[in-house]
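Peer 1:
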Amino acid sequence: MAFVSSGYNPDKPMEGRITDIGPQHFEQFYPEVIAKNKGKWAYHEILEPGVLVHVAESGDKVFTVRVGTARLMSITLIREACDIADKYCDGHLRFTTRNNMEFMTTDEGKLAELKKELMSRKFAGGSYKFPVGGTGASVSNIVHTQGWVHCHTPAMDASGPVKAVMDAVFDDFQNMRLPALVRISLACCLNMCGAVHASDIGIVGIHRKPPMIDHEYLDNLCEIPLAVAACPLGAIKPSKVEVDGKKLNTVSVNEERCMYCGNCYTMCPSLPLSDGDGDGCVIMVGGKVSNRISMPKFSKVVVAYIPNEPPRWPTLTKTIKHIIEVYSANAKKYERLGEWAERIGWEKFFELTGIEFTQHCIDDFRDPAYYTWRQSTQFKW
Amino acid sequence: MSEDAKKQIIEFLEGKKGKTKFYFNDFTKIFPDMKAREVKKLLTELVKEQKIEYWSSGSTTMYGLAGAGKQHATEEGE
Amino acid sequence: MAKHQTPLLDQLETGPWPSFVSDIKQEADRRAANPDGIEYQIPVDCPEDLLGVLELSYKEKETHWKHGGIVGVFGYGGGVIGRYCDQPEKFPGVAHFHTMRVNQPSGKYYTTKFLRDLCDIWDMRGSGLTNMHGSTGDIVFLGTTTPQLEEIFFELTHNMNTDLGGSGSNLRTPADCLGQSRCEFACYDTQAVCHALTNEYQDELHRPAFPYKFKFKFDGCPNGCVASIARSDFSVIGTWKDDIRIDQEAVKAYVGGEFKPNAGAHSGRDWGKFDIVAEVVDRCPTNCMSYDGSKLSIDNKECTRCMHCINVMPRALKVGKETGATILCGAKAPILDGAQMASMLVPFVPVEDPYDEIKEVIENIWDWWMEEGKNRERLGETMKRLGFQKLLEVTNTPAMPQHVKEPRNNPYIFFKEDEVPGGWSRDINEFRKRHLR
């Protein structure tokens with residue numbers, strides 16, 4: 000493996016350096032029909048699950064085939080997508096906010112073949128490479144975080160549970176039978192770099208044990224003031240400890256106060272908190288970001304803990320599938336999961352789904368908690 | 000003027016014991032009369048001169064003297 | 000023969016949904032075979048070691064990654080997330096495995112040429128594994144070694160006219176919906192403003208000087224496909240001021256069943272014949288619509304632009320012509336005091352190049368937040384701590400009823416001294432002339 004220089008000279012980092020140029024201009028990437036009709040689209044229609052047509056005022060049409068991806072993609076797979084885009088889409092494709100790919104063509108005649116080609120491509124293990132779907136009143140692709148693939152504070156994996164859940168609800172990715180769209184999101188710890196707190200169904204990894212303290216090494220690896228400052232709840236204090244007769248500087252953790260966020264571990268590797276038995280996830284439901292009919296809402300915790308069950312998280316998967324089934328059977332057309340739960344009342348949500356309501360579902364974190372308790376005699380038996 | 004201010008920043012960093020990484024607003028406190036953007040320019044220049052460097056937790060970024068800090072050795076030296 | 004046995008991960012290869020395990024395996028196989036004769040600059044077997052360390056996590060239910068403080072390339076304070084494996088001897092291929100964030104083009108349209116060029120760089124200088132895309136919007140290069148960071152940056156900037164994205168306490172890579180490029184609902188050109196502001200604020204994006212992260216996101220309409228209202232400090236959402244445009248003939252076509260309601264989004268179930276009263280008029284949150292059997296009427300001054308009727312009948316109803324955007328501020332995830340949705344600050348702003356009105360709001364907010372924000376405090380938390388009035392003051396926005404869902408329900412009002420006649424200095428002796436001790 001011989002080193003190959005790009006042209007960069009490490010002795011003179013500023014020489015010929017290009018910085019602050021931002022991304023390329025988006026217009027260079029437009030398919031011709033997009034460039035021509037931008038701002039002049041008249042309407043769109045979902046022709047079948049995963050296939051859209053947008054019609055411009057000019058009469059031009061662009062057909063879009065949407066496919067789900069795992070988000071974690073190899074360059075081999077990207078190149079394969081490029082081959083398909085070269086063959087059918089004039090060398091263009093786009094990605095959506097929810098990790099789907101979109102193949103666009105103006106030729107309606109090519110559409111059936113394009114769709115067939117996408118659905119025909121499978122990985123060696125048998126799964127689809129480019130499953131068509133994710134439009135309209137369906138379960139759209141899950142947005143998620145890194146999990147055990149690449150993160151240092153996850154309480155669960157991300158890609159694995161996403162694969163397991165999407166396998167379980169795959170029919171609803173390719174069908175549009177639901178009352179409204181169902182957006183599922185997964186964040187592998189409560190820092191939520193994926194911001195999943197306003198999803199119809201949110202899966203959030205949680206730790207349940209305060210960090211361990213590696214006293215013997217802490218002062219060598221960490222700056223104590225930074226570890227102390229890292230704690231959002233002020234639960235970490237400087238402290239001293241005696242190990243093998245040696246007095247060492249370290250920290251102490253007020254375990255009662257800890258919410259297991261892992262911020263201290265980010266600043267100080269001597270405060271690990273992952274725990275195979277303690278970690279797991281919660282299920283939050285009923286959030287949305289759209290302003291349609293009702294205002295945007297946060298998701299609410301309905302299952303306060305599910306253990307990690309790799310490789311396929313059967314309890315999590317089964318619970319989500321069940322929530323979708325009950326929602327689908329009971330909600331009105333256009334009603335999002337949270338709108339349905341609010342209309343019937345959350346007590347009915349628990350009754351209909353059979354999910355056990357536990358004390359952990361009652362908010363007890365600071366001031367906002369009070370506003371979620373019931374200040375009324377109105378409730379359902 | 001700007002060289003003096005930069006010297007003050009380095010002196011501030013060298014004067015701290017047991018802590019090598021600082022938030023941006025630790026530097027604005029050194030120069031109460033200066034606009035935050037001016038302070039930022041000084042820090043940027045010091046980074047370019049390879050006298051100070053950034054450290055990031057991923058979500059937050061801090062500044063410190065180049066090469067200083069306990070985590071530095073383990074990260075770069077492996 | 001695979002380098003590591005992965006019996007747990009192998010169970011994620013079955014089922015219909017794309018298997019990331021199968022995909023990593025195919026990348027591992029291709030690298031091992033190296034059909035293109037690539038001079039790999041990081042360990043050839045890193046995808047295999049990634050599967051190996053992930054299998055270990057599946058067995059133990061714990062992560063094996065450590066964070067590192069590496070932030071990027073020379074002179075940048077973001078764009079790279081340092082990662083080290085805590086079992087480097089077992090999995091040397093991923094001992095150093097840093098993430099690079101590459102700033103995606105607005106709207107995420109690509110040419111295959113551009114994507115192939117990116118793949119070529121990442122084939123030779125990285126793991127060959129990516130996220131398309133990260134949560135914030137960047138193209139994410141997943142895993143390379145420290146010496147390759149500058150090389151990749153050099154290739155990106157010199158050969159691909161593309162820069163890194165943000166991380167840490169800086170402006171994060173702005174993101175948008177596809178907007179007017181392919182959507183009839185978009186009330187402004189999301190991509191144009193996203194691109195313009197990304198370039199305008201390159202210094203803020205690459206050189207952190209904020210108390211914490213700061214995110215811009217641009218939604219073309221109140222449907223909010225990029226979720227700006229839930230996850231950006233500065234959320235720009237398209238809206239309009241005038242009337243919804245109605246094509247009564249098209250309304251009739253929906254009623255008559257010629258056009259599919261909601262653009263066909265519900266065709267997977269038989270919901271019965273389209274009922275315009277039950278599905279549109281009665282679902283209107285402000286009850287501002289009526290249908291007399293042949294004509295649909297909208298009392299536009301009562302409309303709050305929720306998009307429902309337009310979503311249901313896109314061929315009959317169109318957003319108004321006087322379009323622009325509403326600016327909302329301060330959304331964030333739950334850490335620490337709970338999640339926040341963005342709060343409405345500027346009800347209407349025109350969105351026109353060079354976007355001076357929007358920039359003015361942004362810069363006023365930054366000046367205030369950089370001064371007053373505590374370390375690691377998101378804008379929404381600063382707003383909560385210091386009050387919405389303060390945000391109004393620093394952005395020169397007059398208070399109006401639209402700013403609140405309801406007026407305050409306590410009388411603990413903090414008046415400023417100059418709001419009260421005579422101020423707060425009073426003469427106790429004058430007072431005692433009227434009131435005995």
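Protein chains in written order, with numbering that gives the first Met the number 0: chain A, 0 to 380; chain B, 0 to 77; chain C, 0 to 436.
Each residue gets a CB set at the ideal place from its N, CA and C atoms; glycine is no exception.
(1) Any residues in the region 389 to 418 of chain C with a beta carbon nearer than 8 Å to a beta carbon of chain F? Which ones, in chain order?
(2) How should A72 of chain B be labelled, buried or exposed, when 16 other C-beta atoms within 10 angstroms of its C-beta is the threshold for buried?
(3) Leaving aside the five residues before and after T249 of chain A along the sequence, list all residues of the same chain whose C-beta is less than 6 Å from its C-beta, in chain order.
(4) To which residues does DSSP link I141 of chain A through a beta bridge?
(5) What residue does the alpha helix (DSSP H) around K236 of chain A start on, and which one ends it?
(6) Go through its chain and collect everything with a Cβ distance to I364 of chain C's Cβ below 8 Å, but skip five positions before and after it.
(7) Where does K448 of chain C sit, in a helix, a strand or coil, going by DSSP?
(8) By the criterion of Cβ-Cβ separation under 9 Å, what are the contact partners of D202 of chain C in chain A?
(9) For P224 of chain A, return the contacting residues in chain B, with the cut-off set at a CB-CB distance below 8 Å.
(10) So the candidates are A:P295, A:G286 and A:A303; which of them puts its Cα closest to the Cα of D278 of chain A?
(11) Check G127 of chain C in the structure and name its three-state DSSP category.
(12) Restricting to Cα atoms, I'd like to know which of C:I23, C:K60 and C:E59 is closest to C45 of chain C.
(13) Using a Cβ-Cβ cut-off of 6 Å (strictly less than) and excluding sequence neighbours within five positions of K296 of chain A, which residues of its own chain qualify?
(14) Between the alpha carbons of I151 of chain C and A27 of chain C, how many angstroms are there, rounded?
(15) Excluding the 5 residues flanking K320 of chain C on each side, which residues of the same chain have their C-beta closer than 8 Å to its C-beta?
(16) I'd like the ranges of any alpha helix (DSSP H) spanning at least 4 consecutive residues and lying wholly in the region 114 to 181 of chain A.
(17) Go ahead and label A1 of chain C buried or exposed: buried means 16 or more other beta carbons lie within 10 angstroms of its beta carbon, across all protein chains shown.
(18) Please tell me whether V101 of chain C and T13 of chain C are closer than 8 Å, where the distance is taken between their beta carbons.
(19) Extract the residue ranges of the alpha helix (DSSP H) inside the region 219 to 293 of chain C, only unbroken runs of 4 or more that lie entirely within it.
(20) Short check: CB of K212 of chain C to CB of S266 of chain C, under 8 Å?
(21) Anyone know if the C-beta pair for Q103 of chain C and G136 of chain C falls short of 8 Å?
(22) Among C:T197, C:S18 and C:I236, which one has its Cα closest to the Cα of G381 of chain A?
(23) Taking the alpha-carbon of K332 of chain A as reference, which of C:I41, C:P42, C:H157 and C:W270 has the nearest alpha-carbon?
(24) Determine, for G68 of chain C, whether the minimum Cβ-Cβ distance to residues of chain B falls below 8 Å.
(25) Put A41 of chain A into one of helix, strand or coil per three-state DSSP.
(26) Can you pull out the residues from the region 20 to 43 of chain A whose beta carbon lies closer than 7 Å to at least one beta carbon of chain C?
(27) With a threshold of 8 Å between beta carbons, is H265 of chain C in contact with chain A?
(28) Comparing alpha-carbon positions, which option in C:S134, C:T98 and C:G133 lies nearest W121 of chain C?
(29) Assuming Y187 of chain C and A324 of chain C are in contact, meaning their beta carbons sit under 8 Å apart, how far apart are those beta carbons, in whole angstroms?
(30) Between P146 of chain C and chain B, is the shortest Cβ-Cβ distance under 8 Å, so that the two count as touching?
(31) Since P74 of chain C meets chain B, which of its residues come closer than 7 Å, beta carbon to beta carbon?
(32) So what does DSSP say about H24 of chain A, is it helix, strand or coil?
(33) For the alpha helix (DSSP H) holding Y187 of chain C, just list the boundary residues, first then last.
(34) What does M266 of chain A touch in chain B if you count any residue whose Cβ is under 8 Å from its own?
(35) Identify whether H53 of chain A lies in helix, strand or coil by the three-state DSSP scheme.
(36) Find the residues of chain C that neighbour A67 of chain B, judging by a C-beta separation of less than 7 Å, and give them in chain order.
Peer 2: Concretely, from the data shown:
(1) In the structure shown, chain F does not exist; the protein chains are A, B and C.
(2) For this step, residue 72 of chain B is matched to residue 73 along the second sequence. The predicted position of A72 of chain B is uncertain, since its pLDDT is 45 and thus under 50; a value taken from the coordinates is nonetheless stated next. Exposed is the call here.
(3) Numbered from its first residue, the first sequence carries residue 249 of chain A at position 250. Cβ within range, chain order: H214, L217, S238 and V240.
(4) Looking up residue 141 of chain A in the first sequence gives position 142. DSSP lists no partner for I141 of chain A.
(5) Reading the first sequence from its first residue, position 237 is the one you call residue 236 of chain A. That residue, K236 of chain A, is in no alpha helix (DSSP H); its beta strand (DSSP E) goes I235 to V242.
(6) Locating residue 364 of chain C in the third sequence gives position 365, counting from the first residue. Contacts found: F233, C328, L378, L390, V393 and T394.
(7) Coverage of chain C is limited to positions 0 through 436, which leaves residue 448 of chain C absent and any answer about it impossible.
(8) Here residue 202 of chain C is taken as the residue at index 203 of the third sequence, counted from 1. Per Cβ cutoff of 9 Å: D19.
(9) Start at 1 with the first residue of the first sequence, and residue 224 of chain A comes out as number 225. What P224 of chain A touches in chain B: G17 and K18.
(10) Along the first sequence, read from residue 1 onward, the residue named residue 278 of chain A stands at position 279. A:A303 is the residue among A:P295, A:G286 and A:A303 whose C-alpha sits nearest the C-alpha of D278 of chain A.
(11) Position 128 of the third sequence, counting from 1, holds the residue named residue 127 of chain C. G127 of chain C: coil per DSSP, three-state reduction.
(12) The sequence position of residue 45 of chain C within the third sequence is 46, counting from 1. Measuring from the Cα of C45 of chain C, the nearest candidate turns out to be C:I23.
(13) Translated into positions along the first sequence, residue 296 of chain A becomes position 297. Taking C-beta separations shorter than 6 Å and ignoring five residues to either side along the sequence, the partners of K296 of chain A in its chain run G286, K287 and G337, following chain order.
(14) Indexing the third sequence from 1 puts residue 151 of chain C at position 152. Indexing the third sequence from 1 puts residue 27 of chain C at position 28. Their backbone Cα atoms lie some 21 Å apart in a straight line.
(15) Translated into positions along the third sequence, residue 320 of chain C becomes position 321. Hits under 8 Å: W239, D241 and R244.
(16) Taking 4 residues as the minimum length, the alpha helix (DSSP H) runs contained wholly in the region 114 to 181 of chain A are 158 to 167 and 169 to 172, in order along the chain.
(17) On the third sequence, position 2 is the one that residue 1 of chain C refers to. A1 of chain C is exposed by the Cβ-count criterion.
(18) By one-based count along the third sequence, residue 101 of chain C stands at place 102. By one-based count along the third sequence, residue 13 of chain C stands at place 14. Contact: no.
(19) Counting whole runs of 4 or more residues, the region 219 to 293 of chain C contains the alpha helix (DSSP H) stretches 227 to 230 and 247 to 254.
(20) Mapped onto the third sequence, residue 212 of chain C falls at position 213. Mapped onto the third sequence, residue 266 of chain C falls at position 267. Between K212 of chain C and S266 of chain C, the CB-CB gap reaches or exceeds 8 Å.
(21) Stepping through the third sequence from its first residue, residue 103 of chain C is reached at position 104. Stepping through the third sequence from its first residue, residue 136 of chain C is reached at position 137. Yes. Within cutoff.
(22) Any question about residue 381 of chain A goes unanswered here, given that chain A covers just 0 to 380.
(23) By 1-based counting over the first sequence, the position of residue 332 of chain A is 333. Nearest in C-alpha terms to K332 of chain A, of all of C:I41, C:P42, C:H157 and C:W270, is C:W270.
(24) As a first step, residue 68 of chain C is located in the third sequence; it is residue number 69 there, counting from the start. Cβ-Cβ to chain B under 8 Å: yes for G68 of chain C.
(25) Working through the first sequence from its first residue, we reach residue 41 of chain A at position 42. Three-state result, A41 of chain A: strand.
(26) The residues in question are I20, G21, P22, Q23, H24, F25, F28, Y29, I33, K37, G38, W40, A41, Y42 and H43.
(27) If you number the third sequence from 1, residue 265 of chain C lands on position 266. With 8 Å as the cut-off, H265 of chain C counts as an interface residue toward chain A.
(28) Position 122 of the third sequence, counting from 1, holds the residue named residue 121 of chain C. Closest option to W121 of chain C, judged by alpha-carbon separation, among C:S134, C:T98 and C:G133: C:T98.
(29) Position 188 of the third sequence, counting from 1, holds the residue named residue 187 of chain C. Position 325 of the third sequence, counting from 1, holds the residue named residue 324 of chain C. About 6 Å; that satisfies the 8 Å criterion.
(30) Working through the third sequence from its first residue, we reach residue 146 of chain C at position 147. For P146 of chain C, the answer is no, since every Cβ of chain B falls outside 8 Å of its Cβ.
(31) Walking along the third sequence from the start, residue 74 of chain C turns up at place 75. Correcting the residue type first, residue 74 of chain C is Gly in the shown sequence and not Pro. V46 and K47, listed in chain order.
(32) Taking the first sequence and counting its residues from 1, one reaches residue 24 of chain A at position 25. Reduced to three states, the DSSP call for H24 of chain A is coil.
(33) Walking along the third sequence from the start, residue 187 of chain C turns up at place 188. Looking at the DSSP string, Y187 of chain C is not in any alpha helix (DSSP H), and its letter there is neither H nor E.
(34) Taking the first residue of the first sequence as position 1, residue 266 of chain A is located at position 267. Those are S56, listed as they occur along chain B.
(35) Stepping through the first sequence from its first residue, residue 53 of chain A is reached at position 54. H53 of chain A falls in the strand class under three-state DSSP.
(36) By 1-based counting over the second sequence, the position of residue 67 of chain B is 68. In chain order: nothing, as chain C lies at least about 12 Å away.
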